Structures are given as structure tokens and as C-alpha cells.
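Chemist:
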């Protein structure tokens, strides 16, 4: 019994120890498992956060790389407007710089790439354009190629206009008072025309007027043009053209006269010649009379210029009276005075300038228009030949005093 009790008692004793009061060992293990689960969750959370951070950094990195590889460009229709100028001869890169500086495009590359991809970009015309700000390079190019976006202020100044008629034309086309151009003349002369232009070899005082320096051409004036800037543009054009053809140098070395005297001759040729071919011949007549024979020029157009100076309308030479032609008080009368006038009587074009610079050889002393429809003139060396030519002119209906 005792043995049985002992055997029995041993399992019973282990069982009592398993159920004794206090925290059982197994429960402690369970609690440890719970604490381990918390640490695992925290670790998992940290991993997730780290992965998210890495993913975010990766996304930012991808975007940074993409931004570095992608040309910055605006999208959308843009807003507002700005006027930009495209100048003659500018490259796509130079135009892009202007667009970028005015916030039309987000980067210069955006426009340059658009221009490189479109062969029509070479057809962009110089001028002023009104464009929205913050548009794509492609849209900017498209708008520059659209003539409707070009702000055109075209003004054509014909050859042979006096400064008075030039001012009247500019006043009408640019909607400015004539007085503004008159007031701007002196400032433009002082700033742009070198003093040597008014030197003369004939010991006569130059007029020192802007007359002759307002080059005839077609101009695209800016929307904000002023009288002074308009005249400056025209004078600069004169200086460019005369510089390109070496006008001053050639008349001094080849004609042995001052550029101002040659400019006077060019203005006479522009006023008297009816065709481009006759420009040089008229200049040759003037040179022969002044320098070779010491004769008065006897050109009626100088009387008309004096009428304009006095605020009167010019008239046809056939209507001029003897007193008008020989008025000693008219410093521009080439009938009353020998030699050159005080200055040019108009602004000659390039053909007239070249004719005065390099006139054809000839001993002509006279010329007369013999066909008003074609502008053709006949040139003569003697008075007898000239009188015969005048009779032909009368037969053709040219209104000469002799007819």
C-alpha cells in the first residue's frame, strides 16, 4: 500500500506543483511571447517607414533625374501679354533669350528645341509681336510664325522727299504732330551725324540740317516709337548704307570733293533724273558745270525746295516765273547763284548716291526730260544740241516754258 501510495503520491505531488499558486512557468513563457510580438511589430513598423522613406527618396530622385533630362517648359494657354521684338538676322537662340527674359517661355532650350524641330522657324520675320506669357516653346514658335501676331507699323519713305514732306508723312502714319519731328531734328543730328559730314571744299557754309540724311526706305517702327527714335532709325540707315558703299571715302579719293558736296549732287540727281539709268548722268552734268566750267547749275528743282522752306507748295518748272528762278534772295537758286546750294534738297536713295559717287564719263552740260511717261531725258554737250532736245520735248507734250 505504501508503495502504491508512494507511486501514486509521486504523480499527485507533480500535479500539485503544476497547480500551485503564483505565476506558472508556462504562463511566463506566454508573456514573453507577447513581449516578443510587440518588438516584432515595432521592428516591422520601422522597416515599413524606412522602406517608405526609401521609396519617397527614390521617387524624388527619379523626378530630379527626369527634371534634369527634360527641358523646362510651360504648359497651358498662358496669361497676360507682352510685346517682344525680333530683330533682323537674329538666330533662334537670340530670339529664345528675348522670350525667356520676358517670361514667354520657361527656358531658352524650350524654344530652341521647337525651332530646330520646325524648318519653318527660319521664316520668322523681324518686327514686334504681342505674345502671352508662360506658354510652351512650341506655342511661342507658332505665334511668331503667325503674321496676325505681328504688330506692323510699316512706313515707306519714297526717294527724293524733302524733310518737310518726310515729317508730314511720318506725322500721318505714326499719328504724331509734325512739331515733334521738327523738335527732335537737332538732337538726332548732334547725336548721330559726325561733324565731318558738313565739311565743304568750296569755302561755303553748310546748311547743317538733317536734310539728305533721312534715308528713304520702308521701316517697321516699334509701337512705342517716338519722333526722335524714328528719325534716329532713318539717319542710322543712311550711315549704314553710305558706309557699306564707301561713299565718303570714294568721293574724296576718286572725285576729290567732300562727301557733303557729293550728297548735294546726289539730291539733285534724285530730283531731276526720271530713271535710275540717268542718275549718274545728272550728277555728271552737275560736276561739269560746277567744277569744270564754273557755270551756274540752273536746275529748277532748287526753287521748289526754297518754296518748301517758306511753307509753300512746290510747282512744276513750266509754271515758274523768271523772278522765281532768278531770285537773288533765294540761297537755293541755282540760276541766281553759281556753285552748290547750302545743302541737299531731299534725301537721295542708294542709286542716286552711287550715281554721284561714280558717275559715267561724259562732257554733258545740259539735259531735259523728253518723255514724261517714261522719265527719259536727253543729254547734250552744246547749247545747240540742248535746244534741239527741248523741241523734241515740246513735241512730246512736256510742259516747258519754251513750248
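In this note's numbering, the protein residues as written are 272 to 674.
We put the beta carbon where it would ideally sit given N, CA and C, even for glycine.
As the structure is a computational prediction, the values presented were derived from the model and not from experiment.
1) Locate the alpha helix (DSSP H) running through residue 514, then write down its first and last residues.
2) Locate the alpha helix (DSSP H) running through residue 346, then write down its first and last residues.
3) Three or more beta-carbon pairs under 8 Å between the region 465-477 and the region 609-624, yes or no?
4) Which partner residues does residue 427 have in the DSSP bridge list?
5) Are three or more beta carbon pairs between the region 614-623 and the region 473-488 nearer than 8 Å?
6) Give me the Cβ distance between residue 451 and residue 498, rounded to the nearest whole Å; I'm assuming they're in contact under 8 Å.
7) By the DSSP assignment, the alpha helix (DSSP H) with residue 530 in it spans what residues?
8) Need the endpoints of the alpha helix (DSSP H) that residue 657 sits in, please.
9) Below 8 Å, can you find three or more Cβ-Cβ pairs linking the region 537-544 to the region 504-515?
10) Under 8 Å, do residue 485 and residue 535 count as touching if we go by C-beta distance?
11) Nearest to residue 579 by CA position, among 533, 438, 528, is which residue?
12) According to the neighbour-count rule (16 or more other Cβ atoms, all chains shown, within 10 Å of its Cβ), is residue 349 buried or exposed?
13) Could you tell me the alpha carbon to alpha carbon distance between residue 639 and residue 547, rounded to whole angstroms?
14) Among 625, 377, 560, 503, which has the Cα closest to the Cα of residue 550?
15) Along the chain, where does the beta strand (DSSP E) that runs through residue 639 open and close?
16) Please confirm if the region 630-646 is in contact with the region 443-463, defined as three or more CB-CB distances below 8 Å between the two stretches.
17) Please name the residue, chosen from 596, 633, 521, 594, that lies closest to residue 558 on a Cα-to-Cα basis.
18) In the region 605-633, which residue ranges form an unbroken beta strand (DSSP E) of at least 3 residues, counting only runs that do not cross its ends?
19) Among the residues of its own chain, which have a CB less than 7 Å from the CB of residue 212, if the five just before and after it don't count?
20) Which first and last residues belong to the beta strand (DSSP E) in which residue 400 is found?
21) Are the CB atoms of residue 445 and residue 464 within a distance shorter than 8 Å?
22) Measure from the alpha carbon of residue 393 to the alpha carbon of each residue in 357, 577, 401, then state which is nearest.
23) Is it true that the CB of residue 344 sits closer than 8 Å to the CB of residue 368?
24) For residue 363, which of 416, 496, 526, 585 has the nearest alpha-carbon?
25) In three-state DSSP terms, what is residue 651?
26) Hey, could you find the ends of the alpha helix (DSSP H) residue 461 is sitting in?
27) Please report the distance separating the alpha-carbon of residue 441 from that of residue 495.
28) Please report the straight-line C-alpha distance between residue 588 and residue 572, rounded to a whole angstrom.
29) Thinking just about the alpha-carbon of each residue, which of 526, 529, 410, 554 is nearest to the one in residue 537?
30) Across which residues does DSSP place residue 355 in a beta bridge pair?
31) Could you give the uninterrupted runs of the alpha helix (DSSP H) lying entirely in the region 361-415, keeping only those of 4 residues or more?
32) Beta-carbon within less than 8 Å of residue 448's beta-carbon, same chain only, minus the 5 sequence neighbours each way: which residues are those?
33) On the three-state DSSP scale, how would you describe residue 669?
34) Where do the ends of the alpha helix (DSSP H) carrying residue 566 lie?
35) Taking a contact to mean a Cβ-Cβ separation below 8 Å, would you say residue 652 touches residue 671 in this structure?
36) Could you tell me how far apart the beta carbons of residue 341 and residue 384 are, in whole angstroms, since I believe they sit closer than 8 Å?
Modeler: Looking at the atomic coordinates:
1) Within the chain shown, numbered from 1, the residue matching residue 514 stands at position 243. Looking at the DSSP string, the run of the alpha helix (DSSP H) that includes residue 514 is 498-515.
2) On the chain shown, position 75 is the one that residue 346 refers to. Run containing residue 346: none; DSSP gives neither H nor E here.
3) yes
4) If you number the chain shown from 1, residue 427 lands on position 156. Looking at the DSSP output, residue 427 bridges to 489.
5) yes
6) Working through the chain shown from its first residue, we reach residue 451 at position 180. Working through the chain shown from its first residue, we reach residue 498 at position 227. That belief holds up - the Cβ atoms of residue 451 and residue 498 are roughly 4 Å apart, short of 8 Å.
7) Against the chain shown, residue 530 aligns to sequence position 259. From DSSP, the alpha helix (DSSP H) with residue 530 extends over 530-543.
8) Position 386 of the chain shown, counting from 1, holds the residue named residue 657. Its alpha helix (DSSP H) spans residues 654-666.
9) no
10) In the chain shown, residue 485 corresponds to position 214, counting from 1. In the chain shown, residue 535 corresponds to position 264, counting from 1. Taking 8 Å as the Cβ cut-off, residue 485 and residue 535 do not qualify as a contacting pair.
11) Here residue 579 refers to the residue found at position 308 when the chain shown is read from its first residue. Taking only the C-alpha atoms, the option nearest residue 579 is 438.
12) Residue 349 sits at position 78 when you count from the first residue of the chain shown. When all chains shown are included, residue 349 counts as buried.
13) By one-based count along the chain shown, residue 639 stands at place 368. By one-based count along the chain shown, residue 547 stands at place 276. Spanning the two alpha carbons is a distance of roughly 15 Å.
14) Indexing the chain shown from 1 puts residue 550 at position 279. Nearest option by C-alpha distance: 625.
15) Mapped onto the chain shown, residue 639 falls at position 368. Segment 637-642, the beta strand (DSSP E) holding residue 639.
16) no
17) Your numbering for residue 558 matches position 287 in the chain shown. The shortest Cα separation from residue 558 among 596, 633, 521, 594 belongs to 633.
18) none
19) Because the chain spans 272 through 674 in this model, residue 212 falls outside it and cannot be assessed.
20) One-based indexing of the chain shown puts residue 400 at position 129. Residue 400 -> beta strand (DSSP E) spans 398-404.
21) Position 193 of the chain shown, counting from 1, holds the residue named residue 464. Position 174 of the chain shown, counting from 1, holds the residue named residue 445. Cβ atoms of residue 464 and residue 445: not closer than 8 Å.
22) Walking along the chain shown from the start, residue 393 turns up at place 122. It is 357.
23) Sequence index remark: in the chain shown, residue 368 carries index 97 (1-based). Sequence index remark: in the chain shown, residue 344 carries index 73 (1-based). The Cβ atoms of residue 368 and residue 344 lie no closer than 8 Å to each other.
24) As a working note, residue 363 is residue 92 in the chain shown. Nearest option by C-alpha distance: 416.
25) Here residue 651 refers to the residue found at position 380 of the chain shown. Residue state, collapsed to three classes: strand.
26) Residue numbering aside, residue 461 sits at position 190 when the chain shown is read from its first letter. Counting along the chain, the alpha helix (DSSP H) containing residue 461 begins and ends at 449-463.
27) For this step, residue 441 is matched to residue 170 along the chain shown. For this step, residue 495 is matched to residue 224 along the chain shown. The straight-line gap from Cα to Cα measures roughly 14 Å.
28) One-based indexing of the chain shown puts residue 588 at position 317. One-based indexing of the chain shown puts residue 572 at position 301. About 7 Å.
29) As a working mapping, residue 537 is identified with position 266 in the chain shown. Nearest neighbour of residue 537 by Cα position, chosen from 526, 529, 410, 554, turns out to be 554.
30) Taking the first residue of the chain shown as position 1, residue 355 is located at position 84. Residue 355 pairs with 400.
31) 363-372, 379-387
32) By one-based count along the chain shown, residue 448 stands at place 177. Closer than 8 Å at Cβ, skipping near neighbours: 442.
33) Residue numbering aside, residue 669 sits at position 398 when the chain shown is read from its first letter. Three-state result, residue 669: coil.
34) Position 295 of the chain shown, counting from 1, holds the residue named residue 566. Residue 566 -> no alpha helix (DSSP H), and no H or E assigned at all.
35) Sequence index remark: in the chain shown, residue 652 carries index 381 (1-based). Sequence index remark: in the chain shown, residue 671 carries index 400 (1-based). Cβ distance not < 8 Å, so residue 652 and residue 671 don't count as in contact.
36) Sequence index remark: in the chain shown, residue 341 carries index 70 (1-based). Sequence index remark: in the chain shown, residue 384 carries index 113 (1-based). Not a contact, Cβ separation roughly 11 Å.
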